[in-house]
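Asker: Residues in the sequence shown are numbered from 194 upward in steps of one, following the working numbering.
Where a beta carbon is used, it is the ideal one built from N, C-alpha and C, also for glycine.
Keep in mind that this is a model prediction, so the values were computed, not measured.
Pasting a structure here, questions to come.
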Amino acid sequence: MATEYTPEYLYDMINRIDGEINELKETINTLANTVKELDKRYGELAQRVDAVANALTSGRQVDMGSVLREIAYIETTMLNYRDQLSKVRDQLNDMLTQLNKTMGELSDARAMIFDVVNNLRNLLANYQSRLEELSITITELSLTLSSRLSDIEREIRAMRDSTLLNKGRQ
């Protein structure tokens with residue numbers, strides 16, 4: 194027979210899953226904000242790279258110190274960008290792990306609810322069988338009582354008739 198689950202247990206499980214889904218939503222929002230920030234940084238970086246490329250290819254005399262500082266800034270920004278991408282990857286991995294856990298719990302909850310519904314069906318079927326048996330028993334008892342009542346009524350009539358005959362003889 195399947196395990197019995199209390200309504201409180203199922204309610205707690207559903208609340209826990211709901212909390213995990215809310216955590217996933219928060220993680221997704223955080224991730225979306227991080228990606229927006231990365232996109233903004235990428236745009237700024239692309240503009241700086243274009244500015245350096247234009248300065249170097251324009252044929253004008255360029256201050257190499259400024260170009261080197263700009264290249265150093267671009268390099269630092271690219272390293273930060275790489276670190277941010279690594280964080281995004283880690284967040285995605287964490288989110289996938291959490292999503293897999295939540296999916297497993299949803300599957301467990303579905304199985305528990307199925308078990309509960311199945312148990313309820315079995316209980317109702319047993320209840321219906323017992324009611325049918327009880328109805329048959331009540332019908333049989335009713336027939337037996339009716340038969341006995343008829344017998345008692347005959348005996349009472351016979352006693353009354355006998356009593357009346359005895360009184361009539363006296």
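1) Is there contact here, the stretch 268–284 with the stretch 201–218, by at least three beta-carbon pairs under 8 Å?
2) What is the DSSP secondary structure of residue 194, counted as helix, strand or coil?
3) Spatial neighbours of residue 241 within its chain, please: CB distance less than 8 Å, with the 5 preceding and 5 following residues excluded, ordered by chain position.
4) So, with DSSP's three-state summary, where would you put residue 256?
5) Which residues mark the beginning and the end of the alpha helix (DSSP H) in which residue 223 is found?
6) Cα separation between residue 201 and residue 283?
7) Look at the Cβ atom of residue 204, then the Cβ atom of residue 309, and state whether they are nearer than 7 Å.
Answerer: Looking at the coordinates:
1) Not touching, per the Cβ criterion.
2) Taking the first residue of the sequence shown as position 1, residue 194 is located at position 1. For residue 194, the predicted model reports a pLDDT of 44, less than 50, meaning its position is unreliable and no value from the coordinates is stated.
3) As a first step, residue 241 is located in the sequence shown; it is residue number 48 there, counting from the start. Same-chain partners within the cutoff: 263, 266, 267 and 270.
4) Along the sequence shown, read from residue 1 onward, the residue named residue 256 stands at position 63. Note: residue 256 maps to coil in three-state DSSP.
5) As a working mapping, residue 223 is identified with position 30 in the sequence shown. Segment 200–250, the alpha helix (DSSP H) holding residue 223.
6) As a first step, residue 201 is located in the sequence shown; it is residue number 8 there, counting from the start. As a first step, residue 283 is located in the sequence shown; it is residue number 90 there, counting from the start. Going by the C-alpha atoms only, they are around 36 Å apart.
7) Translated into positions along the sequence shown, residue 204 becomes position 11. Translated into positions along the sequence shown, residue 309 becomes position 116. No.
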